[in-house]
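K.L.:
As you go down the protein sequences, you meet chains P and F in turn. Going by the working numbering, the residue at position 198 of the first sequence is 198; the numbering climbs one at a time, nothing skipped. Going by the working numbering, the residue at position 514 of the second sequence is 514; the numbering climbs one at a time, nothing skipped. Please read through the structure below; I'll follow up with questions.
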Amino acid sequence: MSAIATPFPEVPRAWTLPYRGSVAMASLIIAESAIFTIFVVAYLFYAGKSLSGPTPSEVLETPIFFTICLLSSSLTIHLAAKFLERRKQGAFLALWLLTIVLGGLFMFGTGQEWHRMIYERGVTISTNLFGTTYYSLVGLHAFHVTVGLIMLCIVAIFGLAGRVGAEQSRRIDVLSLYWHFVDVVWVVVFTVVYIVGR
Amino acid sequence: MSSNAMASQFVEVETWTWLETLHGWLTTVDHKRLGTLYVVYGLFFLVIAGVEATIIRIQLMYPHNHFVSPQVFNRMFTMHGTTMIFFVAIPILFGFANYLVPLMIGARDMAFPRLNAFSFWLTALGGFLLYFSFLGGSGLYGAGNAPDIGWWAYAPLTSRAFSPGHSSDYWTIALLVAGFGSIATAINLIATIVCMRCPGMKLSRMPLLAWLNLIMAGMAILAISPLTAAQIMLLIDRYLGGHFFDTQAGGSATLWMHFFWIFGHPEVYVLVIPAFAFASEIIPVFSRKPIFGYPVMVGATVCIGFVSLSVWAHHMFTIGMNSYANSFFAITTMVVGVPTGIKIFNWLGTMWGGRIQFKAPMLFCTAFLFQFLIAGLTGIMLGSAPFNWQLSGSYFVVAHFHYVIVGGILFALFGAFYYWYPKVTGRMLSERLGKWHFWLFVIGFHVTFDVMHFPGLLGMPRRIYTYEPGRGWDTMNLIVTYGAFIQGISILIFVYNLIISYWKGAEAGNDPWDAWTLEWSTTSPPPAYNFASIPVVASRRPLWDLKHPEDPDSRYD
Numbered sequence: 001m002s003a004i005a006t007p008f009p010e011v012p013r014a015w016t017l018p019y020r021g022s023v024a025m026a027s028l029i030i031a032e033s034a035i036f037t038i039f040v041v042a043y044l045f046y047a048g049k050s051l052s053g054p055t056p057s058e059v060l061e062t063p064i065f066f067t068i069c070l071l072s073s074s075l076t077i078h079l080a081a082k083f084l085e086r087r088k089q090g091a092f093l094a095l096w097l098l099t100i101v102l103g104g105l106f107m108f109g110t111g112q113e114w115h116r117m118i119y120e121r122g123v124t125i126s127t128n129l130f131g132t133t134y135y136s137l138v139g140l141h142a143f144h145v146t147v148g149l150i151m152l153c154i155v156a157i158f159g160l161a162g163r164v165g166a167e168q169s170r171r172i173d174v175l176s177l178y179w180h181f182v183d184v185v186w187v188v189v190f191t192v193v194y195i196v197g198r
Numbered sequence: 001m002s003s004n005a006m007a008s009q010f011v012e013v014e015t016w017t018w019l020e021t022l023h024g025w026l027t028t029v030d031h032k033r034l035g036t037l038y039v040v041y042g043l044f045f046l047v048i049a050g051v052e053a054t055i056i057r058i059q060l061m062y063p064h065n066h067f068v069s070p071q072v073f074n075r076m077f078t079m080h081g082t083t084m085i086f087f088v089a090i091p092i093l094f095g096f097a098n099y100l101v102p103l104m105i106g107a108r109d110m111a112f113p114r115l116n117a118f119s120f121w122l123t124a125l126g127g128f129l130l131y132f133s134f135l136g137g138s139g140l141y142g143a144g145n146a147p148d149i150g151w152w153a154y155a156p157l158t159s160r161a162f163s164p165g166h167s168s169d170y171w172t173i174a175l176l177v178a179g180f181g182s183i184a185t186a187i188n189l190i191a192t193i194v195c196m197r198c199p200g201m202k203l204s205r206m207p208l209l210a211w212l213n214l215i216m217a218g219m220a221i222l223a224i225s226p227l228t229a230a231q232i233m234l235l236i237d238r239y240l241g242g243h244f245f246d247t248q249a250g251g252s253a254t255l256w257m258h259f260f261w262i263f264g265h266p267e268v269y270v271l272v273i274p275a276f277a278f279a280s281e282i283i284p285v286f287s288r289k290p291i292f293g294y295p296v297m298v299g300a301t302v303c304i305g306f307v308s309l310s311v312w313a314h315h316m317f318t319i320g321m322n323s324y325a326n327s328f329f330a331i332t333t334m335v336v337g338v339p340t341g342i343k344i345f346n347w348l349g350t351m352w353g354g355r356i357q358f359k360a361p362m363l364f365c366t367a368f369l370f371q372f373l374i375a376g377l378t379g380i381m382l383g384s385a386p387f388n389w390q391l392s393g394s395y396f397v398v399a400h401f402h403y404v405i406v407g408g409i410l411f412a413l414f415g416a417f418y419y420w421y422p423k424v425t426g427r428m429l430s431e432r433l434g435k436w437h438f439w440l441f442v443i444g445f446h447v448t449f450d451v452m453h454f455p456g457l458l459g460m461p462r463r464i465y466t467y468e469p470g471r472g473w474d475t476m477n478l479i480v481t482y483g484a485f486i487q488g489i490s491i492l493i494f495v496y497n498l499i500i501s502y503w504k505g506a507e508a509g510n511d512p513w514d515a516w517t518l519e520w521s522t523t524s525p526p527p528a529y530n531f532a533s534i535p536v537v538a539s540r541r542p543l544w545d546l547k548h549p550e551d552p553d554s555r556y557d
């Protein structure tokens, strides 16, 4: 079968292409952005159009602490990936676990808010347009945080077992790209729901 | 240099029992097998959706006909449209992309083979769910079985009040699941084309088929995602009591239209760009000339990709947008005609002065050029808002988009079948049956879809169950139905050809068309690993360089 190759010209000296994981994650992020865009458009389009109460300003409280948690987790995951690249497994693992804690805190915040909304304020997804759009947009984001946390935990388990080394650095970068995306989406959702939509 | 020198004698020694073969196909992650599965799956649904189209046409053959009930008629046009777009066109085109892209860029497989298998089985599950609605759609209510909401499922038809039972849910979930599969395949294609090219294959040397599929995949992730979002909203409305499209609680039926067509229009280009890709590979080979204006072709396609993302509301001129929105969408719609026109001129420029061989693939591509041009012209007509106000929702629109999808996409696709069948199976399709298929299909196509414009101009609405005699539509509807029968016969010849040639076709050899792209350098069918050693390329036509060492393209690259 070697007859195929010989007539072709010589291999060019420098032939490197981008890492497929990063390209695929970038494409996934574009696709996800399109999905979030549609939900954000629906939220803005329906803002203030509910035919019955309660309105967002009556029931929403701005989750500043949990937002700080999520946004700082972007920093910790970035530093964790850098430490892994420099073969400092201990620092990597500590920062990685910190990222999980910060992400978990954020999810706790969302859970607390939903509990308050449902049991104290009586707003569910079927109450009015605000309820429908609020729970779907925030819920879609929370779903993405949850998926991210599951993947972070899987890496953490392998890390605690001592199986994550610098050779996995590129894969960790792909995961951290996803986590950054989830954070950026929260900036948009936060702006739309807690600032513009109120 | 003859093609024999390019591959060795490869002898398959293993013999498999049928159970092992079945297991092999069900668990495969090979891009060629998955590509074949996609295509066979799509052909299966092509026959089903074709039968549905025939039922629609028989019902409309005569005024006051009662071949099927109005309820069944609604289900038939809904299932016909949904199936043809989501479970025929997308799977077949993705199947071709799956099969050809890695071979053409000199790779051994897609970037993510297991994700590839996952996407196929998601798509397969989607089609199964859609057709399971015939059995499970009535749910506890005993009302309705298959979806009957039209393929664009406008609100409030999809609300619980108008769609009791589960038929609309099967429609939603089928499209959602198949949509995830399509997005994953598109991501896979992008990663493959960006990251898996063989050494020397710069973007400027990539075959146009790979280029156009890259653009198609980019459009697919931008177009199918909004549909996914809209389907999630619809599910929230139907199952959780949400109010997205519930006008009684302040929701908006118009918003669903926007969300659907933000998907729906780019989707047409997701389907037609692979058809352009086939034409861009077939026309040069059968004109014996390299493609005319390669960089312009790529540029024009990128341009189509961008502009087509901002034309969607031309499907909605009649809902009463303001004149600024009408003007914007009319202008963007006409602008799409410019890069498309550039492409048509490039294909003509490729044929001009060439030694054209009118074999079956080239016949289909030539017809594609003419018919796609006419489809584009009626598109320009419908793109102008005042004309659209007259004819929106009429048979003129039905004729227009079938001209695009059948006259354009399906013709190019048939060309691709005749062109690449030898590579996939190692056997040639019968040229004689191919000519019968071509001429009968051309005649049937024109009898059906040329004539269909006129009842539309005379005011016949689409999706109409039956009509009064004496409105001037009777004879035309009869002719349209006869045309549909001719197309049906032609498709049967094609299917027969596909089956019989698999055993009786002439041996193809590696390179039956004397072509220039990498897939023809390996055996037919290619081995599981595609290339024994990864090829290296120095120009856009590596096999030309190989066959003409005295005058290689790489000299001018």
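Beta carbons: idealized from backbone N, C-alpha and C, even for Gly. The model shown is predicted, which means the values in this text are computed figures rather than measured ones.
Considering only their Cβ atoms, is the gap separating Ala174 (chain F) from Gly126 (chain F) smaller than 8 angstroms?
P.N.:
Going by C-beta atoms, Gly126 (chain F) is nearer than 8 angstroms to Ala174 (chain F).
K.L.:
Taking CB distances under 8 angstroms as the criterion, tell me whether Val194 (chain F) reaches chain P.
P.N.:
By this cut-off, Val194 (chain F) is an interface position.
K.L.:
Between which two residues does the alpha helix (DSSP H) containing Trp96 (chain P) stretch?
P.N.:
That run of the alpha helix (DSSP H) goes 89-115.
K.L.:
By DSSP, does Glu61 (chain P) sit in helix, in strand, or in coil?
P.N.:
Three-state DSSP puts Glu61 (chain P) in coil, outside helix and strand.
K.L.:
Could you name the residues of the segment 48-80 of chain P whose beta carbon sits closer than 7 angstroms to any beta carbon of chain F, in the order they occur along the chain?
P.N.:
The segment 48-80 of chain P vs chain F, Cβ under 7 angstroms: Lys49, Ser50, Leu51.
K.L.:
Identify whether Glu550 (chain F) lies in helix, strand or coil by the three-state DSSP scheme.
P.N.:
Coil at Glu550 (chain F), not helix or strand.
K.L.:
May I ask you to list the residues that DSSP assigns as paired with Glu507 (chain F)?
P.N.:
Answer is F:Arg427, bridged to Glu507 (chain F).
K.L.:
Closer than 9 angstroms between beta carbons: that is the criterion. Which residues of the segment 144-166 of chain F meet it against chain P?
P.N.:
Those residues of the segment 144-166 of chain F that come within reach of chain P (Cβ to Cβ, closer than 9 angstroms) do not exist; the list is empty.
K.L.:
DSSP three-state call for Asn4 (chain F): helix, strand or coil?
P.N.:
The predicted position of Asn4 (chain F) is uncertain, since its pLDDT is 44 and thus under 50; no value can be drawn from it.
K.L.:
One question on the structure: do Ile183 (chain F) and Ala31 (chain P) come within less than 8 angstroms of each other, judged by their Cβ atoms?
P.N.:
Yes, the pair counts as a contact, with Cβ atoms nearer than the cut-off.
K.L.:
For Ile154 (chain P), would you say it is in contact with chain F, using Cβ-to-Cβ distances shorter than 8 angstroms as the test?
P.N.:
No, Ile154 (chain P) lies away from the interface with chain F (no Cβ there is under 8 angstroms from its Cβ).
K.L.:
Cutting at 8 angstroms between CB atoms, please list the residues of its own chain near Leu140 (chain P), excluding the five before and the five after it.
P.N.:
These residues qualify, in order along the chain: Ile35, Phe36, Phe39.
K.L.:
Ser33 (chain P) to Thr17 (chain F), Cα distance in whole Å?
P.N.:
Near 47 angstroms, if we compare the C-alpha coordinates of Thr17 (chain F) and Ser33 (chain P).
K.L.:
Inspect the beta-carbon positions of Ile489 (chain F) and Leu440 (chain F) and report whether they are closer than 8 angstroms.
P.N.:
In this structure, Leu440 (chain F) lies closer than 8 angstroms to Ile489 (chain F) by Cβ.
K.L.:
Round the Cβ separation of His80 (chain F) and Ala124 (chain F) to the nearest angstrom and send it over; I've been treating them as touching at under 8 angstroms.
P.N.:
The Cβ separation is near 20 angstroms, so there is no contact.
K.L.:
At least one CB of chain P closer than 8 angstroms to the CB of Thr366 (chain F): is that the case?
P.N.:
Judged by the 8 angstroms Cβ criterion, Thr366 (chain F) is not in contact with chain P.
K.L.:
Can you confirm whether the segment 409-418 of chain F touches the segment 481-488 of chain F when touching is taken to mean that 3 or more C-beta pairs between the two stretches lie within less than 8 angstroms?
P.N.:
No, the segment 481-488 of chain F is not in contact with the segment 409-418 of chain F.
K.L.:
For the alpha helix (DSSP H) that Tyr556 (chain F) lies in, which residues bound it at each end?
P.N.:
That residue, Tyr556 (chain F), is in no alpha helix (DSSP H); it is neither H nor E in DSSP.
K.L.:
Which class does Ser2 (chain P) belong to by DSSP, given the choice of helix, strand or coil?
P.N.:
Low confidence applies here, because Ser2 (chain P) scores a pLDDT of 38, under 50, leaving its location unreliable; read the following figure in that light. In the structure shown, Ser2 (chain P) sits in a helix (DSSP, three-state: H, G or I).
K.L.:
Report the residue from F:Val302, F:Met334, F:Phe245, F:Cys195 whose alpha carbon sits nearest the alpha carbon of Gly21 (chain P).
P.N.:
Per the Cα distances, F:Cys195.
K.L.:
How about Leu518 (chain F) and Pro549 (chain F): do their beta carbons lie closer than 8 angstroms?
P.N.:
Not closer than 8 angstroms, so no.
K.L.:
Out of F:Pro339, F:Trp152, F:Gln231, which one is the CA nearest neighbour of Arg75 (chain F)?
P.N.:
Nearest option by C-alpha distance: F:Trp152.
K.L.:
Exposed or buried, Lys343 (chain F), counting other C-beta atoms within 10 Å across all chains shown (16 or more means buried)?
P.N.:
Lys343 (chain F) is buried by the Cβ-count criterion.
K.L.:
Closer than 8 angstroms is the cut-off here; do at least three beta carbon pairs connect the segment 192-211 of chain F with the segment 289-300 of chain F?
P.N.:
Yes, since at least three Cβ pairs between the segment 192-211 of chain F and the segment 289-300 of chain F fall closer than 8 angstroms, the two stretches touch.
K.L.:
Does DSSP put Pro63 (chain F) in a helix, a strand or coil?
P.N.:
DSSP places Pro63 (chain F) in coil when its eight states are reduced to three.
K.L.:
Return the CA-CA distance between Tyr194 (chain P) and Pro63 (chain P), expressed in angstroms with no decimal places.
P.N.:
The straight-line gap from Cα to Cα measures roughly 9 angstroms.
K.L.:
Which same chain residues end up closer than 6 angstroms to Ser74 (chain P) when comparing Cβ atoms and leaving out the 5 residues on each side of it in sequence?
P.N.:
Hits under 6 angstroms: His180, Asp183.
K.L.:
Who are the near neighbours of Gly349 (chain F) in its chain, counting only those whose CB is closer than 6 angstroms to its CB and skipping five residues on each side?
P.N.:
Counting only Cβ-Cβ distances below 6 angstroms, and skipping sequence neighbours, we find Phe292.
K.L.:
List the residues that DSSP assigns as beta-bridge partners of Ser394 (chain F).
P.N.:
Paired residues: F:Pro461.
K.L.:
Give the single residue among F:Arg160, F:Thr82, F:Asn346 whose Cα lies nearest to the Cα of Asp246 (chain F).
P.N.:
Considering only alpha carbons, the answer is F:Arg160.
K.L.:
I'd like the span of the alpha helix (DSSP H) that includes Met110 (chain F), first residue to last.
P.N.:
Where Met110 (chain F) is concerned, there is no enclosing alpha helix (DSSP H), given that its DSSP letter is neither H nor E.
K.L.:
Let me see if you follow: with CB-CB separation under 8 angstroms, is Phe45 (chain P) close to chain F or not?
P.N.:
It does; some Cβ of chain F falls within 8 angstroms.
K.L.:
Which of helix, strand or coil does DSSP assign to Asp514 (chain F)?
P.N.:
Coil, per DSSP.
K.L.:
To the nearest angstrom, how far is it from the Cα of Ala220 (chain F) to the Cα of Val177 (chain F)?
P.N.:
In a straight line, the C-alpha of Ala220 (chain F) is about 15 angstroms away from that of Val177 (chain F).
K.L.:
Between the alpha carbons of Val537 (chain F) and Leu79 (chain P), how many angstroms are there, rounded?
P.N.:
In a straight line, the C-alpha of Val537 (chain F) is about 41 angstroms away from that of Leu79 (chain P).
K.L.:
From the DSSP output, in three-state form, read off Phe143 (chain P) for me.
P.N.:
Phe143 (chain P): helix per DSSP, three-state reduction.
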